[in-house]
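See below for the structure under consideration.
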Amino acid sequence: MKMKNIILMFMPIVFGFIFLIGGTSTAHAQGDTQGDIDLEIYEQYIYYSDEEELSLFDVEAAIENGLNKDEARSLGLAFNSLSREYKEKPVNDIDTITTYSLNPTTYGNWCGKGQNGRTPIDNLDWACARHDACYAQRGWGNSACDRIFVSELRAVKNNSTQWNRLSFFGKTYLNAAILLFS
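Throughout the sequence shown, residue numbering follows mature numbering (1 follows the signal peptide of the UniProt record, and there is no 0), covering -29 to -1, 1 to 153 in sequence.
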């Protein structure tokens, strides 16, 4: 494996650990605001990278324009990782699955690349399982599957009981997935 591929594979893990170390105390001190963010404000920072041939979130521009630094970083990390994973499609290589299982942008048993497919742990995980099943039936990248998925994610976000049960990373994953698949 080339060094570049190794670096690209481990970047989400490294950034995730940096975020865990640097961002957790701030998130707890200020309260869990990930659910309170207005995703429409963040949509303007999504751009298409011709070089990578995918949509990315411009974290620096969001921060420069005065948006919350911790929210922009966590949402940007999750969005960009999900976008890259989505572009690559699922893999069956056990080494890749093991590596991605350490990625903080995965959630539960179904959300994110390389998940284990066990019983979903909550409604967010169920939505991811149904999205995967829809793709299996209708084909990878099916826009109808994506619309249904976003609708289910918004339902979880708008249900305070379901929303409050999610961890910070679950909320971050959900917000990034709404942005990516909308």
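All residues carry an ideal CB built from backbone N, CA and C; glycine is no exception.
Please work out which residues of its chain come closer than 7 Å, Cβ to Cβ, to residue i, disregarding the five sequence neighbours upstream and downstream, and give them in chain order.
i: G141; result: Y78, L95
i: L10; result: N146, I149, L150
i: F50; result: F28, A147, L150, L151
i: C116; result: H102, C105, Y106, R109
i: E59; result: none
i: D64; result: Confidence in D64 is poor, its pLDDT being 40 and thus under 50, which makes the residue's placement too unreliable to answer from.
i: T143; result: Q5, S45, L46, A49
i: I(-9); result: Reliability fails at I(-9), whose pLDDT of 35 lies under 50, so the model's placement of it is uncertain and the value that follows must be treated cautiously. Taken in chain order, the list of residues that qualify is empty.
i: C82; result: L95, D96, C99, Y144
i: R89; result: N80
Could you tell me the alpha carbon to alpha carbon distance between residue i and residue j, rounded to whole angstroms?
i: G112; j: Y106; result: 7 Å
i: K84; j: F152; result: 15 Å
i: H102; j: F120; result: 6 Å
i: residue 154; j: R44; result: This structure does not reach residue 154, given that the chain is present from -29 up to 153, and the question cannot be answered.
i: A100; j: V30; result: 29 Å
i: S54; j: S20; result: 11 Å
i: G(-7); j: E42; result: Bear in mind that the predicted position of G(-7) carries a pLDDT of just 39, short of 50, making it unreliable; the figure below should be weighed with that in mind. The alpha-carbon atoms of G(-7) and E42 are separated by roughly 9 Å.
i: L38; j: T132; result: 27 Å
i: W97; j: Q108; result: 16 Å
i: S122; j: N129; result: 10 Å
i: P91; j: G110; result: 22 Å
i: W134; j: V127; result: 6 Å
i: E22; j: S52; result: 16 Å
i: D93; j: L48; result: 23 Å
i: L46; j: E35; result: 15 Å
By the three-class DSSP mapping on this structure, what secondary structure does residue i have?
i: residue 164; result: The first residue shown for the chain is -29 and the last is 153, placing residue 164 beyond what the model contains.
i: Y16; result: coil
i: L95; result: helix
Can you list, in chain order, the residues of its chain with a C-beta nearer than 8 Å to that of residue i? Leave out the 5 residues immediately preceding and following it.
i: R125; result: I149
Once you ignore the five residues that flank residue i on each side, which residues in its own chain have a CB closer than 6 Å to its CB?
i: E56; result: K84
i: N87; result: N80
i: S26; result: I17, Y19, S54
Which whole-angstrom value is the C-beta distance of residue i and residue j, which I expect to be below 8 Å?
i: Y13; j: A32; result: Between A32 and Y13 the Cβ distance is about 11 Å, and since that is not below 8 Å, they are no contact.
Task: Within the segment 21 to 58, ranges of the beta strand (DSSP E) (whole runs, at least 3 residues) - done: Within the segment 21 to 58, the runs of beta strand (DSSP E) at least 3 residues long that lie entirely inside it are, in chain order, 25 to 28.
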